[in-house]
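First residue of the sequence shown? That's 3 in this note's numbering, and the numbers climb one at a time after it.
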Amino acid sequence: MNPEQIISAFDDGERELEPLLEKMGWTSWLGVAELGLVMGSEIVEFLEPKLSDAEKKVIELVKLRIKGDISIDAIENALTVARNPETRDLSLEGRLRMERGLVYFENGEIEKARDDLTWAETRLKSVSKASRDHDISLLNKAAFHLSIDEPMMALHVHGDISRKAGHAHETIAISRIQAARIHMAFGQLFDAARCAFNSHAHAIISEQIQLAVEAGAIFVEISSSYIDDSADKFSDQIISAKPLSAGEEPTLLRVNSNDVHGVLEWCVQNVGQDFSGEERPDLRTLILLAKKLEKVDFFTNLLSNPNRVEDALLAAMCASVSEGTSKETWTNRVTEIMTLTDN
Numbered sequence: 003m004n005p006e007q008i009i010s011a012f013d014d015g016e017r018e019l020e021p022l023l024e025k026m027g028w029t030s031w032l033g034v035a036e037l038g039l040v041m042g043s044e045i046v047e048f049l050e051p052k053l054s055d056a057e058k059k060v061i062e063l064v065k066l067r068i069k070g071d072i073s074i075d076a077i078e079n080a081l082t083v084a085r086n087p088e089t090r091d092l093s094l095e096g097r098l099r100m101e102r103g104l105v106y107f108e109n110g111e112i113e114k115a116r117d118d119l120t121w122a123e124t125r126l127k128s129v130s131k132a133s134r135d136h137d138i139s140l141l142n143k144a145a146f147h148l149s150i151d152e153p154m155m156a157l158h159v160h161g162d163i164s165r166k167a168g169h170a171h172e173t174i175a176i177s178r179i180q181a182a183r184i185h186m187a188f189g190q191l192f193d194a195a196r197c198a199f200n201s202h203a204h205a206i207i208s209e210q211i212q213l214a215v216e217a218g219a220i221f222v223e224i225s226s227s228y229i230d231d232s233a234d235k236f237s238d239q240i241i242s243a244k245p246l247s248a249g250e251e252p253t254l255l256r257v258n259s260n261d262v263h264g265v266l267e268w269c270v271q272n273v274g275q276d277f278s279g280e281e282r283p284d285l286r287t288l289i290l291l292a293k294k295l296e297k298v299d300f301f302t303n304l305l306s307n308p309n310r311v312e313d314a315l316l317a318a319m320c321a322s323v324s325e326g327t328s329k330e331t332w333t334n335r336v337t338e339i340m341t342l343t344d345n
């Protein structure tokens, strides 16, 4: 059960929503109402009587953010309600400080942003660790450090999102794919592959298919040059991996071909059967990886449907992995797409 399913149930006429919220393990309707705003659902008005005064202020802020009108003054107004002894909400105070930190960052006030984002994460960790808002505060804090060229600080924050601390699978997936990119930039290939693999797994669990495909592609890209069929299953390597002590050599990346091919095949099967779209970087990436690993047969359906492809570069890649009349057909398709584009 997730907020989207609750909103879908409401839009289909369901009004007994409490059991659905209980299935999610949530005690507040705020997160559902926020998503309802984004989705344009009437559930927001239905849920308003169930929200506290402080939560209603947060909804007002979300409306302002959607319009692009959010301001420090509006957040300060909401903070006054969250701090009032009669309406106080310690968790929402942390959430609002996070919101203020984001606006400070958007305004270029870096140190004020740093102070608020740090304060917010500390408060949320104290009163609602691994909650939705705490997870968001950690991801925002990591993104903040990365945006001001503090990648090691960002990695440290991602390290606080433990896979064993009750954080949402989606949060772990987002965190690990970002950590994988940072490790790649530092040439730490085993850690990059480990984080990408974990991101792929947690994205699958949370049914975030696009994220799972993206993380899986990163894992395959990193691992494709380090295939060793004497290597243990990569999941076992992750379980046995330990933090390095000072002066210790980094773990060498060795990945069994079954892991690499298995992840690639999953990505190809789950990227979908809709090959349309003038820009399909997802398919381009996967077919390049398939070519490198000599697994172009994973793309049998794509390669037999040139008329369903609208991305000229993707069509050119399909031509490059095809032979005989199929290659000629794909080459002609490239010409057709380019001609249509010129017109």
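Positions of the beta carbon are idealized from the N, C-alpha and C atoms, including for glycine.
A quick note: this is a predicted structure, and the numbers were derived from the prediction, not measured.
In terms of Cβ geometry, Ala144 and Ala156 form a close pair [threshold 8 Å].
For the set Val83, Leu288, Val64, Ser247, the Cα lying nearest the Cα of Ala219 is the one of Leu288.
Contact check for Phe277 against Leu266 fails: the beta carbons are separated by 8 Å or more. When Asn303, His204, Glu108, Val323 are compared, the shortest CA-CA separation from Asp71 is found for Glu108. Remark: C-beta atoms of Asp230 and Val257 approach each other more closely than 8 Å. Per DSSP, Val105 is one residue of the alpha helix (DSSP H) stretching across 92 to 108. The beta carbon of Ala243 is closer than 7 Å to those of Arg196, Thr253 in its chain, skipping five residues each way along the sequence. When secondary structure is reduced to three states using DSSP, Ile163 falls in the coil class, being assigned neither helix nor strand. Contact annotation: Leu22 and Ile8 have beta-carbon atoms nearer than 8 Å.
Cβ-Cβ distances below 7 Å link Ile77 to Leu63, Leu98, Glu101, Arg102, Val105 in the same chain, with the five nearest sequence neighbours on each side left out; the list follows chain order.
In this structure, the CA atom of Leu290 is about 20 Å from the CA atom of Ala194. Checking the DSSP bridge columns, you'll see Val257 partnered with Ile229. Per DSSP, Pro21 is one residue of the alpha helix (DSSP H) stretching across 20 to 26.
Take the alpha-carbon of Val311 and the one of Gly279: they are about 7 Å apart. In the structure shown, Val336 adopts helical secondary structure according to DSSP, grouped into three states. Between the C-alpha atoms of His136 and Ile174 there is a straight-line separation of about 12 Å.
Between Leu141 and Ile176 the beta-carbon gap is near 6 Å, inside 8 Å, which marks them as a contact. Of the candidates Ala122, Ser225, Asp162, Ser225 places its Cα closest to the Cα of Phe192. Counting the other Cβ atoms within 10 Å of the Cβ of Asn86 gives fewer than 16, which makes it exposed.
For Glu250, the number of other beta carbons within 10 angstroms of its own is below 16, and it is reported as exposed. Non-local C-beta neighbours of Val222 in its own chain, meaning closer than 8 Å and more than five positions away in sequence, comprise Val262, Val265, Leu266, Cys269, Leu291, Leu295, ordered along the chain. DSSP places Lys58 inside the alpha helix (DSSP H), whose first and last residues are 55 to 69. Annotated as proximal: Gln210 and Glu172, with beta-carbon spacing under 8 Å.
Apart from the 5 residues on each side of it in sequence, Thr331 sits with its Cβ closer than 7 Å to the Cβ of Pro308 in its chain, given in chain order. With respect to Leu305, Cys320 sits close: the two C-beta atoms are nearer than 8 Å. CA-CA distance, Glu123 to Ser30, rounds to 20 Å. The C-beta distance from Val129 to Leu92 rounds to 5 Å, short enough to fall under 8 Å.
Remark: C-beta atoms of Ala56 and Ala84 approach each other more closely than 8 Å. Between Gln180 and His160, the CB-CB gap stays under 8 Å. Exposure of Phe188 is indicated by the presence of fewer than 16 other C-beta atoms within 10 angstroms of its C-beta. No residue range can be given for Arg282, since it is assigned to no alpha helix (DSSP H) and is classified by DSSP as neither H nor E. Ser54 is not a Cβ neighbour of Asp13, given a cutoff of 8 Å. Secondary structure note for His169: it is in no alpha helix (DSSP H), with a DSSP letter that is neither H nor E.
Gly249 carries a coil assignment under DSSP once its states are collapsed to helix, strand and coil.
For Gly33, the closest alpha carbon among the candidates Pro51, Glu16, Val60 is that of Val60.
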